[in-house]
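Notes follow once the structure below has been shown.
Number of protein chains: 2
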Amino acid sequence: MDTLFSNITAVTMIDKLPVIYGAYVGVTDGKISYISQQPPQEQAERVIDGRGMVLMPGMVNCHTHLPMSALRGYGDDHALADWLNNYIFPREDKWDSRAIRAATLLGIAECLRFGTTSVTDMYYFSDDICQCVAESGIKGNISRCVTVFEEDYCFDKHVPSQELVALHEKWHGYDNGRIQVEASIHAEYTSHDKVWHGIAEYAINNGLGMQVHVSETKDEQESCLERYGLTPAQILDVSHVWDTRAVAAHCVWLTDEDMELFARRGVTAVHCPNSNLKLASGIAPIKKMIDKGMNVALGTDGPSSSNNTDLFEPMKLAVLLSNGTTYDPVSITAQEALKMATVNGAKAQGRENECGVIAPGMDADLIMLDFTQPHLIPCHNPISNLVYAASGHDVKLTMVRGKVLYEDGNFLTIDLQKVLQEFHDYVLPLMFGGEGEANA
Amino acid sequence: MDTLFSNITAVTMIDKLPVIYGAYVGVTDGKISYISQQPPQEQAERVIDGRGMVLMPGMVNCHTHLPMSALRGYGDDHALADWLNNYIFPREDKWDSRAIRAATLLGIAECLRFGTTSVTDMYYFSDDICQCVAESGIKGNISRCVTVFEEDYCFDKHVPSQELVALHEKWHGYDNGRIQVEASIHAEYTSHDKVWHGIAEYAINNGLGMQVHVSETKDEQESCLERYGLTPAQILDVSHVWDTRAVAAHCVWLTDEDMELFARRGVTAVHCPNSNLKLASGIAPIKKMIDKGMNVALGTDGPSSSNNTDLFEPMKLAVLLSNGTTYDPVSITAQEALKMATVNGAKAQGRENECGVIAPGMDADLIMLDFTQPHLIPCHNPISNLVYAASGHDVKLTMVRGKVLYEDGNFLTIDLQKVLQEFHDYVLPLMFGGEGEANA
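From first to last, the protein sequence lines are chains A and B. In our numbering, each residue carries its 1-based index in the first sequence increased by 1. In our numbering, each residue carries its 1-based index in the second sequence increased by 1.
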């Protein structure tokens, strides 16, 4: 046995035994190998004293844009068009590989620090992003986001789709499946049916997942209806976009029919409440989606719109917003929100047989939280404390496949000082010149 | 000079100079005595290296019930009446002085850890609460919450009002005003006009502030209209409740006329978004309140309904909810939210000439945050990072009147281990018998 968590409160996410008090959880060769209230006979190489601690499955962030860490807070509090056109887009034009890598490593460090063990990322420079995921030890479903306006688009000849092919060939299945490459259509309004057909066909033929922004704003929903007489969910369905495992980010303005369609097609809605509120998109009706049988997972969205990647925030907001807008204080339970952040996220990533619960044979993607701090005492119910009182800051240890990646302020696979130096010396001068950054 | 923060980013909350980079902020005899970008000539007893740190005014939590820390998460995810009648009220019946003191000290420790330097508390056993505020060094506006249903109520003879008198005589102005005793009417629906007149008269005659729950739920608003033909804000106005400095907690269902009344009367709305959402009360329209000229401050509400006292959460939610419900991404700015948590809170407490900004002569109620962590890098704008990306967990040091009360995990005035032992040995057995608590 490599690692033994001893005498710990284990939140398993298994419905029939959600919490095991005084648990012993053993890890061998990257997998969970032992769970009991009795200590194992076998010796462990490392024993972690779990008294006062809570162990839970690592969290799955199903929608983000990691390199946007470099744009965190930049141009905040400006109207959307002004923000995008005068702040975000001009800076994004300046990216190069080297800057992307530093920004991605910073983003991954933040994820690990806050207890995320697997991340779904949609951006460009995806080869560099995969390289960072590979180095850092986190799990990643990585897509090259496709935006194409030209009418003469042809899958075989267009840069974004060719990048997807290269990415697929180089990275898909890397390290025994730790990296999964996925296809991505940025959104209905940033491309057209030739693109949708081409990308969908490639994803289906190659068993790749799919990532799309769907019905984020009212304007997106209405202008799509005007163009096609169909909603984004419906028009993309015509092009078979949902014929593969897919995540639809945001889903703020889905109609009832859209929800039924997504439930039938097994499309996961990725609820990103922080981003949807901050950018004034609205509040996604997740209670209704759940009632209609949809899988709902959670995302932080990129650090320029949310503005951190602490998945505990959207997890708490998922319950709070649902209660507050349905006027039902039990519209969604803490247990359901915790599932969105773990089990449902793993399912969205196609990793449901691999992680998302604490059970023998699953990958040891685990996080340990310190429950000895004033705001987590008393602990009448660990699940309630996790969802309503805790934060990613309470994470003390983050482990992926049995390997500790973060512990007590230290990153074991990322040289954070080097990344910060790189930000100071290269990323910020490249992207912002002399201005925009005060205190890197 | 007692303390010097050197080379720090100071977020002053002064409109004309909101951020001073590379600042030197000196503290002498509990007051801010020096602010400059040049180091002072004078030596300081302690120099705190502020590189990578942000200094801001301590936060003011304008509505909580500190001892309810003992009930954190207890009975969560039950419908409101079930939760109150079968979980909260039966446990509250068991309180005694000793238990209240331990629970209050735990609550104060949590506040200090998250950067709150002044707290407005409404509960009973208020003498014990004042004792804890006195010991801990935090500032407090403390009220004995009055609930009276009997028709023969007379101010001079009734226990709650006599407790207010005793509290006033014993604690009001303690330690040069660190404790302010305030009057409190629990709510319109838990008393009647004899009570309101009596309490209001006492508050006005003695220059005490007032704390009331107002228009928290739709049902409260509607049943009051049915009873009196007036809203809670209006009917309490008839009894002169707003003729003294007052805070109205929640204000979810205020009408436009209520807002205009409160603006005229100088009543502060205390926005408690976490609690209002979780308990399904709704979303307070704070943008409208601000536009109508009201003072809006922030509260966490008690730890049994929110479920922690990290004021960074409602500060962020204030902006997010306002944007998301008005569909305007600049409905409220980060700077305005930060003001709610500091300047506006100080005003609500009658402490606007004492704290809430970093300026010479003000009390040194200061908090220092560590901005070297991944989620706060880069820092294009410290105010944006404070509101959208930071958390109370980033607070490294909390100082009230120049005295450090919390630093790097250590509480200087509260023996946390002793408090936790007391919880284990006394509070939890008293209140919950053998059950309800798993991991204290």
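Note that CB positions come from ideal geometry on N, CA and C, so glycine has one too.
Short CB-CB distance (under 7 Å) between residue i and chain B
i	result
A/G174	no
A/Y328	yes
A/S305	no
A/N440	For A/N440, the predicted structure reports a pLDDT of 41, less than 50, and the residue's modelled location is therefore unreliable. A value from the coordinates is still provided. Answer yes: the Cβ-Cβ gap between A/N440 and chain B drops below 7 Å somewhere.
A/K279	yes
A/H214	no
A/L321	yes
A/S385	yes
A/S392	yes
A/L312	no
Beta-carbon proximity of residue i to residue j, cut-off 7 Å
i	j	result
B/Q38	B/G23	yes
B/E217	B/S282	yes
B/H272	B/I287	yes
B/M211	B/A184	yes
A/C146	A/Y175	no
A/M69	A/G362	no
A/I36	A/V20	no
B/N275	B/E314	yes
A/W84	A/G76	yes
A/K140	A/S119	yes
A/V401	A/D366	yes
B/N62	B/T232	no
A/C133	A/L113	no
Strand pairing of residue i, partner residues [DSSP]
i	result
A/T232	For A/T232, which the question treats as bridged, DSSP gives no partner whatsoever.
A/Y389	Looking at the DSSP assignment, A/Y389 forms no beta bridge with any residue, so it has no partner.
A/R92	Paired residues: none, contrary to the question.
B/F6	B/V26 and B/I49
B/P383	Answer is none; B/P383 lacks a bridge partner.
B/K404	B/V401
Buried or exposed (CB count within 10 angstroms, at least 16 for buried), residue i
i	result
B/Y328	exposed
B/G178	exposed
B/L299	buried
B/V248	buried
A/S306	buried
A/N411	exposed
A/E170	exposed
Residue i versus residue j: straight-line alpha-carbon distance, rounded
i	j	result
B/M380	A/S137	Here residue 380 of chain B is Cys; the residue named in the question, Met, does not match the sequence. Distance between the alpha carbons of B/C380 and A/S137: 24 Å.
B/R52	B/T10	8 Å
B/N440	B/Q418	Note that B/N440 scores 41 on pLDDT, short of 50, meaning its location in the model is unreliable and no value can be drawn from it.
A/E337	A/T343	10 Å
B/I236	B/T269	17 Å
B/I378	B/Q222	45 Å
B/V160	B/E151	12 Å
B/V358	A/K397	34 Å
B/E46	B/L72	42 Å
B/M295	A/T13	47 Å
B/V28	B/L322	37 Å
B/V297	A/D371	34 Å
A/S144	A/Q181	9 Å
B/A347	B/C356	6 Å
A/G1	B/L278	Outside the shown range of chain A (2 to 441) lies residue 1 of chain A, about which nothing can therefore be said.
A/I33	A/Q44	15 Å
A/Y190	A/G230	14 Å
A/L413	A/D122	22 Å
B/T117	B/Y407	10 Å
B/P58	B/A319	19 Å
Residue-level contact to chain A via CB, residue i, 7 Å cutoff
i	result
B/R99	no
B/T334	yes
B/H381	yes
B/G138	no
B/Y88	no
B/G116	no
B/H198	no
B/Y75	yes
B/P286	no
Heavy atom of the ligand HEM within 6 Å of residue i beta-carbon
i	result
A/G141	This structure lacks the ligand HEM, and indeed carries no ligand of any kind.
Chain C residues whose Cβ lies nearer than 8 Å to that of residue i
i	result
A/G283	Annotation note: the requested chain C is absent from the structure, which comprises protein chains A and B.
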